[in-house]
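Undergrad: Residue 259 is where the sequence shown starts when you use this note's numbering, and the numbers rise one by one after that.
We put the CB at the ideal spot given by N, CA and C, even for glycine.
To start, I am sharing the structure in question, which I have written as structure tokens.
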Amino acid sequence: MKDFVKPFNGNPNDDVIKWLKSIVHYFDIAQISGDKETLYFQYAPAFLKEYAYKWWADQKHYIFSSSMFKQAVITQFAEKNEYLIAQQFDQRKQQINEPVIKYYCDVIDLCKKYDSDMTDKQKIRKLTNGLKLSL
């Protein structure tokens with residue numbers, strides 16, 4: 259499990275949503291007996307490091323379920339990334355040797371983070387504006 263789920267440090271550039279999804283994904287595919295939500299709540303805090311662990315040490319007495327944990331960690335760490343996400347969204351362009359599929363996946367991921375209600379037309383505009391002129 260330690261190789262599959264990366265630690266979450268709570269730094270501004272850490273993606274808490276992606277980290278939470280990696281834990282949920284692990285328990286979806288793992289052959290571990292027991293209630294997944296209970297296991298999730300028991301093991302997820304073990305992957306908190308640095309600032310995130312300090313936050314957890316202060317908050318663990320007030321969080322009693324996996325749903326409370328998810329909401330609390332998102333509230334604490336996701337909102338601080340909004341400025342960084344906006345910056346990344348505005349600056350994202352396809353790099354010189356970057357495959358189109360990687361660029362596409364990254365931009366779609368950024369679109370979801372930047373504005374979950376973004377229309378397909380807006381996503382296409384963002385994708386095409388950042389493509390290299392020569393493919």
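Per DSSP, what kind of secondary structure is LEU342 in: helix, strand or coil?
TA: In the sequence shown, counting from the first residue as 1, residue 342 sits at position 84. Three-state result, LEU342: helix.
Undergrad: From what residue to what residue does the alpha helix (DSSP H) around GLU308 run?
TA: Position 50 of the sequence shown, counted from the first residue, corresponds to residue 308. GLU308 -> alpha helix (DSSP H) spans 308 to 317.
Undergrad: Between the stretch 273 to 293 and the stretch 346 to 362, can you find at least three pairs of beta-carbon atoms closer than 8 Å?
TA: Short answer: they don't touch.
Undergrad: Kindly indicate which three-state DSSP category PHE266 falls into: helix, strand or coil?
TA: On the sequence shown, position 8 is the one that residue 266 refers to. The DSSP-derived three-state label of PHE266 is strand.
Undergrad: Using only the alpha-carbon positions, how far apart do TYR311 and ALA336 sit?
TA: The sequence position of residue 311 within the sequence shown is 53, counting from 1. The sequence position of residue 336 within the sequence shown is 78, counting from 1. Looking at the two C-alpha atoms, the distance is approximately 15 Å.
Undergrad: Can you give me the start and stop residues for the alpha helix (DSSP H) that GLN329 sits inside?
TA: Position 71 of the sequence shown, counted from the start, is the residue given in the question as residue 329. First-last of the alpha helix (DSSP H) with GLN329: 324 to 335.
Undergrad: Between GLY268 and TYR298, is the Cβ-Cβ spacing less than 8 Å?
TA: The sequence position of residue 268 within the sequence shown is 10, counting from 1. The sequence position of residue 298 within the sequence shown is 40, counting from 1. Not a contact, by the Cβ cut-off of 8 Å.
Undergrad: Please classify ASP286: does DSSP put it in a helix, a strand, or coil?
TA: Counting from 1 along the sequence shown, the entry for residue 286 is found at position 28. For ASP286, the three-state secondary structure derived from DSSP is helix.
Undergrad: CA-CA distance, LYS294 and SER325?
TA: For the purposes of this step, residue 294 is identified with residue 36 of the sequence shown, where counting begins at 1. For the purposes of this step, residue 325 is identified with residue 67 of the sequence shown, where counting begins at 1. Answer to the nearest angstrom: the Cα atoms are 12 Å apart.
Undergrad: Does DSSP classify TYR354 as helix, strand or coil?
TA: On the sequence shown, position 96 is the one that residue 354 refers to. Residue 354 is actually Ile in this sequence, not Tyr. Shown here, ILE354 sits in coil according to DSSP, grouped into three states, outside any helix or strand.
Undergrad: Looking only at its own chain, which residues have a Cβ that is under 6 Å from the Cβ of VAL263, when we skip the five neighbours before and after it?
TA: What you label residue 263 is simply residue 5 of the sequence shown in a count that begins at 1. Closer than 6 Å at Cβ, skipping near neighbours: SER280, ILE281, TYR284 and PHE305.
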